[in-house]
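If you read the sequences in order, they're chains A and B.
Residue numbers for the first sequence follow my numbering, beginning at 1 and rising by one.
Residue numbers for the second sequence follow my numbering, beginning at 1 and rising by one.
Let me begin by presenting the structure, written as C-alpha cells, before commenting on it.
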Amino acid sequence: EPEVTQTPSHQVTQMGQEVILRCVPISNHLYFYWYRQILGQKVEFLVSFYNNEISEKSEIFDDQFSVERPDGSNFTLKIRSTKLEDSAMYFCAIPSQDSLNSPLHFGNGTRLTVT
Amino acid sequence: KNEVEQSPQNLTAQEGEFITINCSYSVGISALHWLQQHPGGGIVSLFMLSSGKKKHGRLIATINIQEKHSSLHITASHPRDSAVYICAVRSWNNDMRFGAGTRLTVKP
Numbered sequence: 001e002p003e004v005t006q007t008p009s010h011q012v013t014q015m016g017q018e019v020i021l022r023c024v025p026i027s028n029h030l031y032f033y034w035y036r037q038i039l040g041q042k043v044e045f046l047v048s049f050y051n052n053e054i055s056e057k058s059e060i061f062d063d064q065f066s067v068e069r070p071d072g073s074n075f076t077l078k079i080r081s082t083k084l085e086d087s088a089m090y091f092c093a094i095p096s097q098d099s100l101n102s103p104l105h106f107g108n109g110t111r112l113t114v115t
Numbered sequence: 001k002n003e004v005e006q007s008p009q010n011l012t013a014q015e016g017e018f019i020t021i022n023c024s025y026s027v028g029i030s031a032l033h034w035l036q037q038h039p040g041g042g043i044v045s046l047f048m049l050s051s052g053k054k055k056h057g058r059l060i061a062t063i064n065i066q067e068k069h070s071s072l073h074i075t076a077s078h079p080r081d082s083a084v085y086i087c088a089v090r091s092w093n094n095d096m097r098f099g100a101g102t103r104l105t106v107k108p
C-alpha cells in the first residue's frame with residue numbers, strides 16, 4: 001500500500017502570508033487529491049490533479065489556491081494570502097493503485113492555523 | 001440538503017455489540033468510500049464500493065445503487081473501533097462529496 005507523507009504536520013502563519021503545504025507519495029502517481037477539514041466540520045474536496053493538470057476543483061479552490069508538482073514527485077498546495085477561515089486540517093490523498101477505481105490513501109494531514 | 005447524509009450522527013455501544021452506520025446519497029456516483037478518522041485526525045480508507053458487499057475482518061460494507069444507500073456494519077465491536085466513520089461518494093465528474101461523519105464510541 002502506498003505511503004503518503006505530508007509536511008509540515010502543523011503550520012502557524014499570520015493572516016496574509018503565503019503557505020505551501022507539501023505531500024510526497026512513496027511512488028509516482030498520476031492521480032492526486034487535496035481535501036480540507038475545518039475543525040468540527042466535515043471533510044471537503046478541494047481539487048483533483050491528474051497527470052500534472054487540475055482535473056476538477058471545488059468552489060472553495062479559488063484564485064488564492066494553487067497546486068503544483070514541482071519536481072515530478074512532490075505535490076504542493078499553495079495558499080497565496082491566507083485568511084483566518086483557511087485554518088483547517090489539509091489532507092492529500094492518492095488512489096492506492098493509481099486508478100480512480102481504487103481506495104484512497106490519505107496522508108496524516110497538515111494542521112494550518114492562521115492567526 | 002446535504003448530498004451525503006449519514007445516520008446516526010453519534011453512536012454509543014457496549015463492547016461486543018453489532019453496529020450499523022447508514023449513508024444515503026442523492027447524486028449519481030461512480031464509487032462510495034467508507035473512511036475511518038481517528039481522534040488524532042488521521043484518515044484511513046476502509047472500503048471502496050461500487051456494488052454489492054465487501055468484508056474485511058469484522059467490518060462489512062454494503063451498497064444498494066438503486067436505493068442510493070450504503071451501510072457499514074461492525075461485528076463484535078471493540079473500544080478500539082471508537083472513531084468517526086465517514087461516508088464519501090465520488091461523483092461522475094471525479095469530485096468527492098463527504099458525509100458529516102458518525103462518531104462511534106464503544107465502551108468496555
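Built from N, CA and C at the ideal position, the CB exists for glycine as well.
Minimum C-alpha distance to A:V4 - residue among B:P108, B:I63, B:V44
In terms of Cα proximity to A:V4, the closest of B:P108, B:I63, B:V44 is B:V44.
Tell me, please, whether the CB atom of B:S24 is closer than 8 angstroms to any CB atom in chain A?
So, not an interface residue.
For a contact defined as C-beta to C-beta under 8 angstroms, what are the partners of B:H56 on chain A?
Those do not exist, as B:H56 stays about 11 angstroms from chain A at its closest Cβ, beyond 8 angstroms.
Close-in-space but distant-in-sequence residues of the same chain around A:T7 (CB under 6 angstroms, 5 per side omitted):
Within its own chain, the residues whose Cβ lies closer than 6 angstroms to the Cβ of A:T7, once the five positions on either side in sequence are excluded, are R22, listed in chain order.
Skipping 5 residues on each side, what residues in its chain have a beta carbon closer than 8 angstroms to that of A:R175?
What the structure shows of chain A is the stretch from 1 to 115, and residue 175 of chain A is not part of that stretch, so it cannot be assessed.
How long is the line joining the alpha carbons of B:K68 and B:P79, rounded to whole angstroms?
It is roughly 30 angstroms from the alpha-carbon of B:K68 to the alpha-carbon of B:P79.
Do the segment 1 to 11 of chain B and the segment 53 to 71 of chain B meet, that is, are 3 or more Cβ pairs less than 8 angstroms apart?
By the Cβ criterion, the segment 1 to 11 of chain B is not in contact with the segment 53 to 71 of chain B, since fewer than three pairs of Cβ atoms, one from each stretch, lie closer than 8 angstroms.
Name the chain A residues whose beta carbon is nearer than 7 angstroms to that of B:N93?
At a C-beta separation below 7 angstroms, B:N93 has these neighbours in chain A: E56.
In or out: B:F47 buried (at least 16 other Cβ within 10 Å) or exposed?
It is buried - the Cβ of B:F47 has at least 16 other Cβ atoms within 10 Å.
Beta carbon of A:S9, beta carbon of A:T110: below 8 angstroms?
With contacts defined by Cβ atoms closer than 8 angstroms, A:S9 and A:T110 form a contacting pair.
Using Cβ-Cβ distances below 9 angstroms, what residues of the segment 30 to 61 of chain B are close to chain A?
Those residues of the segment 30 to 61 of chain B that come within reach of chain A (Cβ to Cβ, closer than 9 angstroms) are S30, A31, H33, L35, Q37, G40, G41, G42, I43, V44, S45, L46, F47, M48, S50.
Run down chain A in chain order and give the residues with a C-beta less than 7 angstroms from the C-beta of B:G28.
Residues of chain A passing the Cβ test: none, with the nearest at roughly 15 angstroms.
Does DSSP put A:R69 in a helix, in a strand, or in coil?
Looking at A:R69 - three-state DSSP - the assignment turns out to be coil, as it is neither helix nor strand.
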